[in-house]
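According to my numbering, the sequence shown holds residues 67 to 255 in order.
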Amino acid sequence: MTKVQNNLLTRRSIYRFSNKDIEHNYLEIGFEAARHAPCHKQTHPWKFYIMGKETRNKIIPIVKLMAIEKALGSKEDVEFGINKAISKIKDVPTLIAVTTSINTNDVFRDEEDYAATVCALHNFVLSMWEQGIGSQWSTGSITRHEISYQALKISSEKERIIGFIRVGYPEVVPERKKKSISEIRFYLP
Ligand SMILES: Cc1cc2nc3c(=O)[nH]c(=O)nc-3n(C[C@H](O)[C@H](O)[C@H](O)COP(=O)(O)O)c2cc1C
């Protein structure tokens, strides 16, 4: 098996990270991979915002509120829910918001740009994985809240946050059941 194929087959979303920080030079290798993603019309619609302590702190009040609402709705212990939600923002070694540019007057371009940004995001994730570093793409409601746009100092009319990526050294690599080739591939006459 080639190195690339092995990387593709072994990558998993990582939910538990060690406390060890990720050095910037490793992240830069990932961003180098990201910027080489395919992109129709050369629009390069993606941006990666690495969220430092100050930026993360700005969204915590809303993260708390959302956690309270969720806990009350699910009968989960409120204190436990709040701590878990805050930890997902504060304790992860690297937190990156990924955005794609918005094309309000061209729906097809908007869709193609979103697709290209996903390619860039996954290039980044795969590059990190090759370096022994795990990631998890999150589309939790905080990623769509206006407070996140304010924290990143970007306009929600020009850019859309497509998710946060949590990045760190894996503590556990989960197993995932995937569809078989015969379920997804169809040679046609
Ligand atoms: C668009 C997208 C959004 C995702 N959002 C979340 C999320 O909000 N929370 C989460 O726990 N995992 C999220 N994931 C990770 C998926 O749950 C994960 O990819 C899936 O379980 C398959 O596992 P694998 O990535 O290890 O193959 C997201 C993945 C994608 C592609």
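No residue lacks a Cβ here, since even glycine has one placed at the ideal position from N, Cα and C.
Just so we're clear, the structure is a prediction, and the values are computed from it rather than from any experiment.
Which first and last residues belong to the alpha helix (DSSP H) in which residue i is found?
{"i": "Glu-225", "result": "Element bounds for Glu-225: not the alpha helix (DSSP H) but the beta strand (DSSP E), 225-234."}
{"i": "Leu-218", "result": "212-218"}
To the nearest whole angstrom, what separates the beta carbons of residue i and residue j, a pair I think is in contact under 8 Å?
{"i": "Arg-77", "j": "Val-191", "result": "7 Å"}
{"i": "Gln-197", "j": "Tyr-92", "result": "5 Å"}
{"i": "Ala-182", "j": "Pro-104", "result": "7 Å"}
{"i": "Trp-112", "j": "Thr-160", "result": "The Cβ separation is near 17 Å, so there is no contact."}
Should residue i be labelled buried (16 or more other beta-carbon atoms within 10 Å of its own) or exposed?
{"i": "Tyr-253", "result": "exposed"}
{"i": "Ser-140", "result": "exposed"}
{"i": "Glu-94", "result": "exposed"}
{"i": "Lys-243", "result": "exposed"}
{"i": "Phe-146", "result": "exposed"}
Name the two residues that bound the continuous beta strand (DSSP E) containing residue i.
{"i": "Ser-204", "result": "200-204"}
{"i": "Ala-133", "result": "Element bounds for Ala-133: not the beta strand (DSSP E) but the alpha helix (DSSP H), 119-140."}
{"i": "Leu-161", "result": "160-167"}
Within the present structure, is the beta-carbon of residue i separated from the nearest heavy atom of ligand 1 by less than 8 Å?
{"i": "Trp-195", "result": "no"}
{"i": "Trp-203", "result": "yes"}
{"i": "Tyr-180", "result": "no"}
{"i": "Gly-229", "result": "yes"}
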